[in-house]
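Asks:
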Amino acid sequence: MAASKFSTATSLTTGLKHATPFDGICAKISAFYFDLDNTLIPTRAGDSKAIRKLADVLETQYCFTKDDANLATQNFLKSFRRCPDNSQTSLDSWRTHLWRESLQQKHKHLAEQIYPQWLKLRYRYLAVPPDYVQLLQRMRRAGYFLALITNGPSNAQREKVTKLHMRGHFDCVLVSSDLPWEKPHPEIFYAACNFLGVKPHECAMIGDKLETDIKGGHLAQLGLTFWTPLNSSSSASQCLDDVEYKPHIRLNNLLELYKYFPRLNAVAAAAVPSTTNRRSSHSQSSTGCGSGGGGSVSGSGSNSDHDRASAVRQLPYAEDAYQRQWTYRRGGSLPAMDCSNSEAENSCDSFI
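So, in structure tokens, the structure goes:
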């Protein structure tokens, strides 16, 4: 797919204020597809901050020595990043198990007390930045469709969406474990296209991973790909000579999107338009979304949020993670690790 391989010199930009070669394409964009971890929320940095704060709590509240506190929290963080979920048990059971395994013998009995404190700290530091919340609100007021497309285990990813109050910002939320595909497979992007009633070339993918977000955007022939590297100052983010599927545009942060989409600056502080009105304003057909596949969700005939939520739940192989509840099991043996579709494989959290 030669058309998907762009020259760094001519195609990679960093958010210039003057006219760019992509102005015409930007004007045709009607939907934004966002990655979750390390794009909308600071997963890696937030988890590191939560662990450092928890080490202080272990010293002051539980009388750990500094060395013991640091050892326990770092052991947990490594284990959690390696395998954050186990499909055969609940999130609470699995994480408590990881804490029990990370603590020294004399502290293992504290695992069930430490876990909820870590969880509270984690979501304090994973909060969506207020400027990003405002960006999402402005996008909706400007009439854009928004989809969240994330790889990872369903329970863990849905928990983030729920606890961070993100569902209301998006017309569509797709988690790879609920579907037969994950990024970079183009079908997961086509599912969002069919669901929203837009065509691939009218969509922009925004994410931090070249091998999933950017490559997937190209394979699905989306209109634009925006890359938000985890560490914008690293040498890896500056040199893309050996990258097959290059991003159209590199962003230092999501707020640079304002430079490419002037409508976002012009929207009035009005109520978010209904999905029906936004669909009518774009007058897009739901039929031009590539192969679509048997698991794609059609946008036609489903003009209410309730109808589209029902359609997502009806995807083949999909399970509604909001309805799926596991029994919390205290103590006892746990099943063997199942990390076949974990954040360890599918997000930057895997890099210690």
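Per the working numbering, the very first residue in the sequence shown carries number -10; after that it's consecutive.
We treat Cβ as the ideally placed atom computed from N, Cα and C, and that holds for glycine.
A quick note: this is a predicted structure, and the numbers were derived from the prediction, not measured.
Considering only residues of the same chain and omitting the five flanking positions on each side of Thr62, which have a CB-CB separation below 6 Å?
Replies: Ile40, Leu43, Ala44
Asks: Below 8 Å on the Cβ atoms is my contact criterion, and I expect His237 with Leu219 to pass it. Report the Cβ-Cβ distance as a whole number of Å.
Replies: In fact, because the Cβ distance is near 19 Å, the residues do not count as touching under 8 Å.
Asks: Output the boundary residues of the beta strand (DSSP E) element that contains Tyr234.
Replies: No beta strand (DSSP E) contains Tyr234, which DSSP labels as neither H nor E.
Asks: Give every residue of the same chain whose Cβ lies closer than 6 Å to the Cβ of Tyr104, excluding the five residues on either side of it in the sequence, and list them in chain order.
Replies: Only Arg84, Thr85, Trp88 meet the Cβ criterion.
Asks: From Phe178 to Cys228, what does the alpha carbon distance come to, in whole angstroms?
Replies: 27 Å
Asks: Touching or not, the segment 19 to 30 and the segment 134 to 153, by the rule of three or more beta carbon pairs under 8 Å?
Replies: The segment 19 to 30, when compared against the segment 134 to 153, does touch it at the 8 Å Cβ threshold.
Asks: If we ignore side chains and look at the alpha-carbon of each, how far apart do Ala258 and Lys248 end up?
Replies: Reliability fails at Ala258, whose pLDDT of 45 lies under 50, so the model's placement of it is uncertain and the value that follows must be treated cautiously. Cα to Cα, the separation comes out at about 19 Å.
Asks: Use the C-beta contact count for Asp12: other C-beta atoms within 10 angstroms, 16 or more gives buried, fewer gives exposed.
Replies: exposed
Asks: What number of angstroms, rounded off, separates the C-alpha of Tyr121 from the C-alpha of Leu29?
Replies: 7 Å
Asks: Roughly how many angstroms lie between the CA atoms of Val187 and Ala145, to the nearest whole one?
Replies: 29 Å
Asks: Just curious, the beta strand (DSSP E) that Ala193 is in, first and last residue?
Replies: 192 to 196
Asks: Just grab the DSSP bridge partners of Cys161 for me.
Replies: Beta bridge pairing from DSSP links Cys161 with Ala136.
Asks: In whole angstroms, what separates the C-alpha of Thr9 from that of Leu253?
Replies: 17 Å
Asks: If you compare alpha carbons, which of Thr217, Cys192, Pro173, Leu199 is closest to Gly205?
Replies: Pro173
Asks: For Trp216, which beta-bridge partners are listed by DSSP?
Replies: Gly196, Arg239
Asks: Please tell me whether Cys192 and Leu211 are closer than 7 Å, where the distance is taken between their beta carbons.
Replies: It is a contact, given that the beta carbons lie within the stated cut-off.
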